[in-house]
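**Q** Pasting in a structure now, in structure tokens, and then I'll have a few things to ask.
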Amino acid sequence: MVHTSSPHILVIEDEPPQMELLAYNLEKEGFRVTRALNGEEGLLIAEESGPDMIILDWMLPIVPGIEVCRQLKKRRDTSHIPIMMLTARGEETDRVRGLDTGADDYVVKPYSVSELIARVRALLRRVRPGSMGETLSYSDLMVDTEKHWVTFKGKRVNLGPTEFRLLCTLLEKPGRVWDRAQLLDRVWGMDKDIDMRTVDVHVGRLRKALRQLDGSDPIRTVRGFGYSLDHSI
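Below is the structure:
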């Protein structure tokens with residue numbers, strides 16, 4: 515079952531059989547998958563949805579994959595997204611060209627699905643360690659994502675499932691300011707019909723749980739925008 519807080523992968527592939535093979539296996543592993551059948555559509559979806567990772571075919575209609583990669587890596591709001599390129603081009607010069615354009619990994623067709631999934635996990639571990647079962651820590655906060663344990667200043671903190679996912683998201687990039695729409699997508703899923711104020715309610719509950727220990731508040735409010743973990747905790 516794919517959870518709304520599962521890592522979101524955008525697959526840009528114009529061959530339907532390849533697309534369905536990728537989507538089926540990724541969803542079977544618990545990832546959320548969005549499909550794009552050409553480069554132009556892929557660029558629009560990447561900008562609008564901000565996926566955690568992109569799997570990108572080299573040979574695409576309208577906008578070639580290498581150009582999609584170049585544009586995404588040039589844009590400030592998408593440059594951080596890891597890109598795995600898929601291609602039948604096996605020459606070293608082609609691989610170097612793809613990596614020089616900004617691709618984070620390069621898989622030659624035909625590929626092993628199990629190897630591709632392993633590479634996907636390795637890339638995601640860099641950007642969403644909490645979703646890959648990693649232990650997250652920052653200053654006096656520590657979260658064991660497998661055991662669902664949270665400690666703050668050496669003491670256990672009891673959190674509900676939503677507050678736990680919210681804290682994991684904030685912990686993945688301390689200091690980053692997340693706007694409410696980004697938190698809704700990460701914690702609840704954008705397909706959910708949830709009011710933006712719901713984020714404020716759950717941030718308030720998370721703050722209350724953390725403050726109960728000694729009154730410290732590690733969450734910074736950026737008025738009119740969103741929230742982040744403060745560097746001064």
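Heads up: the sequence shown runs through residues 515 to 747, numbered per this note's numbering.
The beta carbon of each residue, even a glycine, is placed where N, CA and C say it ideally should be.
This one's a predicted model, so the numbers in the text were calculated from it and none came from an experiment.
1. Whole angstroms are fine: how far does the CA of ASP658 sit from the CA of THR649?
2. Mind pulling the beta strand (DSSP E) runs of 3 or more residues that sit fully within the stretch 689 to 743?
3. Could you check the C-alpha separation between ARG700 and ILE733 for me, to the nearest Å?
4. State the Cα-Cα distance for the pair GLY740 and VAL525, rounded to the nearest angstrom.
5. Could you check whether the stretch 533 to 553 touches the stretch 569 to 588, counting it as contact only if at least three pairs of C-beta atoms, one from each stretch, sit closer than 8 Å?
6. Would you list the one or two residues that DSSP bridges to SER651?
7. Quick check: what's the CA-CA separation for ARG546 versus LEU638?
8. Look at the Cβ atom of VAL691, then the Cβ atom of VAL736, and state whether they are nearer than 8 Å.
9. Using CA coordinates, which residue listed in MET710, TRP572, PHE678 and LYS661 is at the minimum distance from GLU748?
10. State buried or exposed for ALA617, treating a residue as buried only when at least 16 other CB atoms are found within 10 Å of its CB.
11. Give me the Cα-Cα distance between TRP702 and THR676, rounded to the nearest whole angstrom.
12. From what residue to what residue does the beta strand (DSSP E) around ASP666 run?
13. Can you have a look at ALA602 and say buried or exposed, based on whether 16 or more other CB atoms are within 10 angstroms of its CB?
14. Taking only the alpha-carbon atoms, compute the straight-line gap between LEU727 and GLU534 and give it to the nearest angstrom.
15. What beta strand (DSSP E) runs, 3 residues minimum, are completely inside the stretch 517 to 542?
16. Give the straight-line distance between the Cα atoms of MET598 and LEU743, rounded to the nearest whole angstrom.
**A** Considering the structure as presented:
1. By one-based count along the sequence shown, residue 649 stands at place 135. By one-based count along the sequence shown, residue 658 stands at place 144. C-alpha separation (whole angstroms): 5 Å.
2. 733 to 736 and 740 to 743
3. By 1-based counting over the sequence shown, the position of residue 700 is 186. By 1-based counting over the sequence shown, the position of residue 733 is 219. C-alpha separation (whole angstroms): 17 Å.
4. By 1-based counting over the sequence shown, the position of residue 740 is 226. By 1-based counting over the sequence shown, the position of residue 525 is 11. Roughly 29 Å separates the two Cα atoms.
5. yes
6. Position 137 of the sequence shown holds residue 651. SER651 is bridged to MET656.
7. Counting from one through the sequence shown, the residue named residue 546 turns up at place 32. Counting from one through the sequence shown, the residue named residue 638 turns up at place 124. When rounded, the distance between both Cα atoms is 13 Å.
8. Locating residue 691 in the sequence shown gives position 177, where the first residue counts as 1. Locating residue 736 in the sequence shown gives position 222, where the first residue counts as 1. Yes, the pair counts as a contact, with Cβ atoms nearer than the cut-off.
9. The first residue shown for the chain is 515 and the last is 747, placing residue 748 beyond what the model contains.
10. Looking up residue 617 in the sequence shown gives position 103. Answer is buried; the Cβ neighbour count reaches 16.
11. Translated into the one-based positions of the sequence shown, residue 702 becomes position 188. Translated into the one-based positions of the sequence shown, residue 676 becomes position 162. Rounded to the nearest angstrom, the two C-alpha atoms are 8 Å apart.
12. As a first step, residue 666 is located in the sequence shown; it is residue number 152 there, counting from the start. The sequence given here places Phe at residue 666; Asp does not occur at that position. That run of the beta strand (DSSP E) goes 663 to 666.
13. By one-based count along the sequence shown, residue 602 stands at place 88. Burial call: exposed.
14. The residue labelled residue 727 in the question sits at position 213 within the sequence shown. The residue labelled residue 534 in the question sits at position 20 within the sequence shown. Rounded to the nearest angstrom, the two C-alpha atoms are 49 Å apart.
15. 522 to 526
16. Residue mapping note: residue 598 aligns to position 84 of the sequence shown, counting from 1. Residue mapping note: residue 743 aligns to position 229 of the sequence shown, counting from 1. Near 30 Å, if we compare the C-alpha coordinates of LEU743 and MET598.
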